[in-house]
Amino acid sequence: MADFTPDRAALRSWLPGFLALAAIWGSSFLFIKVGVEELHPLHLTLYRVGAGAATLLVVLAVLRDRLPREPRVWAHLAVIAAFGVVIPFTLFGYGEQRVESMLAGIWNATTPLIVLPLAVLVFRTERLTVRRAVGLALGFAGVLVVLGVWQGVGGAHFVGQLMCFGAAACYGVAIPYQKRFVAGSTHSGLSLSAAQLLVAAAQLAIVAPLVAGAPPVPTALSPEVVASVLALGALGTGLAFVIHLRNIRLAGASTASTVTYLIPVFAVLIGAVVLGERLTWHQPVGALIVLVGVAVSQGLLGRRRPAAPVGVGVPAVPAAEPAVPR
Numbered sequence: 001m002a003d004f005t006p007d008r009a010a011l012r013s014w015l016p017g018f019l020a021l022a023a024i025w026g027s028s029f030l031f032i033k034v035g036v037e038e039l040h041p042l043h044l045t046l047y048r049v050g051a052g053a054a055t056l057l058v059v060l061a062v063l064r065d066r067l068p069r070e071p072r073v074w075a076h077l078a079v080i081a082a083f084g085v086v087i088p089f090t091l092f093g094y095g096e097q098r099v100e101s102m103l104a105g106i107w108n109a110t111t112p113l114i115v116l117p118l119a120v121l122v123f124r125t126e127r128l129t130v131r132r133a134v135g136l137a138l139g140f141a142g143v144l145v146v147l148g149v150w151q152g153v154g155g156a157h158f159v160g161q162l163m164c165f166g167a168a169a170c171y172g173v174a175i176p177y178q179k180r181f182v183a184g185s186t187h188s189g190l191s192l193s194a195a196q197l198l199v200a201a202a203q204l205a206i207v208a209p210l211v212a213g214a215p216p217v218p219t220a221l222s223p224e225v226v227a228s229v230l231a232l233g234a235l236g237t238g239l240a241f242v243i244h245l246r247n248i249r250l251a252g253a254s255t256a257s258t259v260t261y262l263i264p265v266f267a268v269l270i271g272a273v274v275l276g277e278r279l280t281w282h283q284p285v286g287a288l289i290v291l292v293g294v295a296v297s298q299g300l301l302g303r304r305r306p307a308a309p310v311g312v313g314v315p316a317v318p319a320a321e322p323a324v325p326r
């Protein structure tokens, strides 16, 4: 009995934070759904990123860390900010104007399926093996099931799903890019993420007014929308990253990265309980096939291997830590 005590103690040290993180990131799709009821998707992304950047800057100050100074790092972060924050956050907003929040959470889980072929073919940071090829095939079969392609394509709902898939595809670009060009940096993941959000906020401050006009003042918004924006930014994009780093320290990067598999579960549960959303039978079935494909491609089924970095609904972490949605 004594042999198992340390394991139980270790599990208790990181499991609450692990589950809290899955709940925080899984609920992000609910907050997006509430936010786009009154805000243009670009304005929602602008406020969300601004709140997240402010939160991480406070954490940086408390920990006495500092932002990068090298122009080369900032140039790479500008690319990561565009494909890992600005475009996907906005696409999820557009998508959730047309589809259920729980369905957006399911599409977010397809990110690793896009990361792998780009990492292999474009950035050359990974090798394609038979196991990974089988996982990709399973995953994309799951994508077709989620879409329900046998029912035909077209309509606002189908377009919304494609927008959410496009958001996941952006993470698929940002994650291998950061691994190729930024992962070797001596800066902390917290420092790089704060800088990434600052760059994203600057990009949005230019683009959002040109596309959507001047953003509304917060006092013109309902309390529910203001709370959703703060939850998305300060909690889901800011403090959740600190929790994620703690999980990595206590449980290891591979275990911490498996939070990706719980995020769609929480997204579906929260969407059903809070918003009364419902899925058709093929969407959760397709989601399960997608997750099995991801697990196979990352070596989580069969012979145990370290999980590859994965991305989800939040800015990619440009450091050695696995990137996941925030």
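Read in the UniProt record's numbering, the sequence shown has 237 at position 237, and its numbers run on one by one without any break. Yeah, the Cβ is synthetic: ideal placement off N, Cα and C, and Gly gets one too.
{"Query": "With 16 other Cβ atoms within 10 Å as the buried cut-off, status of T125", "Result": "buried"}
{"Query": "First through last residue of the alpha helix (DSSP H) which encompasses V159", "Result": "G155 to F181"}
{"Query": "With 16 other Cβ atoms within 10 Å as the buried cut-off, status of T129", "Result": "exposed"}
{"Query": "The region 234 to 245 / the region 111 to 124 touching (three or more Cβ pairs under 8 Å)", "Result": "no"}
{"Query": "Terminal residues of the alpha helix (DSSP H) in which G213 lies", "Result": "Neither: G213 is in no alpha helix (DSSP H) and is coded neither H nor E."}
{"Query": "Every unbroken beta strand (DSSP E) within the region 57 to 102, with a cutoff of 3 residues, ordered by chain", "Result": "none"}
{"Query": "Whether V85 touches Q161 by CB criterion (8 Å)", "Result": "no"}
{"Query": "L44 and G35 closer than 8 Å at C-beta", "Result": "yes"}
{"Query": "Boundaries of the alpha helix (DSSP H) in which residue 330 is found, first to last residue", "Result": "As shown, the chain starts at 1 and ends at 326. That puts residue 330 outside it, with no answer to give."}
{"Query": "Candidates G286, T258, T280 and G276, of which the one nearest L301 by Cα", "Result": "T258"}
{"Query": "Own chain residues within Cβ distance below 8 Å of L147, not counting five before or after", "Result": "V153, F158, Q161 and G286"}
{"Query": "Member of G139, A168 and K33 whose CA lies at the smallest distance from the CA of V274", "Result": "K33"}
{"Query": "C-beta contact flag for G142 and V290 at 8 Å", "Result": "yes"}
{"Query": "Minimum C-alpha distance to V225 - residue among A10, P88 and R48", "Result": "R48"}
{"Query": "Buried versus exposed, by CB contacts within 10 Å (16 or more), W281", "Result": "exposed"}
{"Query": "As assigned by DSSP and simplified to three states, the class of R278", "Result": "coil"}
{"Query": "C-beta contact flag for L104 and F18 at 8 Å", "Result": "Here residue 104 turns out to be Ala, not Leu, going by the sequence shown. Result no, Cβ atoms of A104 and F18 do not sit closer than 8 Å."}
{"Query": "Sequence-distant residues of the same chain with beta carbon closer than 6 Å to I87, five excluded per side", "Result": "C170"}
{"Query": "Beta-carbon spacing of G139, V294 below 8 Å", "Result": "yes"}
{"Query": "Assigned exposure category for V122 - 16 Cβ within 10 Å defines buried", "Result": "exposed"}
{"Query": "Classification of F110 by the beta-carbon crowding that lies within 10 angstroms, buried from 16 upward", "Result": "Looking at the sequence itself, residue 110 is Thr, so the reference to Phe does not match. Classification of T110: buried, given that the 10 Å Cβ count is 16 or more."}
{"Query": "Where G299 sits in the DSSP three-state scheme", "Result": "coil"}
{"Query": "V199 versus L56: straight-line alpha-carbon distance, rounded", "Result": "13 Å"}
{"Query": "Closest residue to W14 among G50, P264 and I243 (Cα-Cα distance)", "Result": "I243"}
{"Query": "Beta-carbon proximity list for V292, same chain, < 7 Å, skipping 5 on both sides", "Result": "L138"}
{"Query": "Contact check, Y177 vs F92, beta carbons under 8 Å", "Result": "no"}
{"Query": "Exposure label - G96; buried when at least 16 CB within 10 Å", "Result": "In the sequence under discussion, the amino acid at residue 96 is Glu, which differs from the Gly named in the question. With 16 or more Cβ atoms within 10 Å of its Cβ, E96 is classed as buried."}
{"Query": "CB of I263 within 8 Å of CB of G52, strictly", "Result": "no"}
{"Query": "Backbone secondary structure at G252 - three-state DSSP", "Result": "coil"}
{"Query": "Neighbourhood of A81 by C-beta, 7 Å cutoff - its chain only, sequence neighbours within 5 removed", "Result": "Q196, V199, A200 and Q203"}
{"Query": "Residue burial classification, L11 (beta-carbon count within 10 angstroms, cutoff 16)", "Result": "exposed"}
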